[in-house]
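In my numbering, the protein residues as written are 9 to 269. Ideal placement from N, C-alpha and C gives every residue a C-beta, glycine not left out. Each remark here refers to the structure printed beneath this line.
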């Protein structure tokens, strides 16, 4: 069992589920993004999802886009992602996943990317625009290096697609709660519950819900039926507005949703 899946299983067995926090590498600076990630873990986040800034973020909403564009403008380079992972894992024990679109990995070299991520202490990749059918190179590289591979499932996914995603994923399946881009929402789409049920039917034992979660109440709701809740835009906004202290405080509030799940 991977470190990500083991962490999720520990939280589920404790009567709750895992809280997964997303932040972009390099925002508001490389050092501050590391400090913010450490603050998340110190305040109750179980697994970190560190996003690599990308020039064409097709899934990201306006809050995350603004942060990643600033990081790129400030000179972010892909190697900074490995440096950040190394710095984070030197300070906390929580698994660190990289969220990245696929083109930067291809340009860097799939095997080279996998080797350097593993050497930095990373746990694996979340790849929003890579489907298992086209992921043979990454599946092979992750098998060789022991890295997790988190594929996405959507409410519109067919039963056959869900089975492929479940079979190919390691760590967890990322269940997209609603169609569209990321961003905090007042209500998490009810389609998420149905999607988790369908993933269970497809054989998933570790499925986490992301897109739209921003409050302790939503964390509690999601952990009532899923194995993990993923929070992104709300944390990025807190970091942008109030710095490391603010993002740590929000993480603590969100983590309160775990105990009541």
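Secondary-structure assignment with DSSP links residue 28 through a beta bridge to 55, 238.
Scanning 142, 132, 137 for the CA closest to the CA of residue 151 turns up 132. If the five residues before and after residue 109 are omitted, its C-beta is found closer than 6 Å to the C-beta atoms of 62, 137, all from its own chain and listed in chain order.
Per DSSP, residue 89 is one residue of the alpha helix (DSSP H) stretching across 86 to 97.
If the five residues before and after residue 263 are omitted, its C-beta is found closer than 6 Å to the C-beta atoms of 27, 52, all from its own chain and listed in chain order. Between residue 76 and residue 35, the C-beta spacing is below 9 Å. Cβ-Cβ distances below 6 Å link residue 254 to 246 in the same chain, with the five nearest sequence neighbours on each side left out; the list follows chain order.
Note on residue 241: 16 or more other CB atoms within 10 angstroms of its CB, so buried under the neighbour-count rule. Nearest neighbour of residue 70 by Cα position, chosen from 259, 248, 118, turns out to be 248. Note that the C-beta distance between residue 183 and residue 161 is below 9 Å.
Residue burial is scored here from C-beta neighbours: residue 73 has at least 16 other C-beta atoms within 10 angstroms and is therefore classed as buried. Judged by their CB atoms, residue 156 and residue 50 are not nearer to each other than the 9 Å cut-off. When the alpha-carbon of residue 202 is set against those of 83, 102, 170, the nearest one is in 170.
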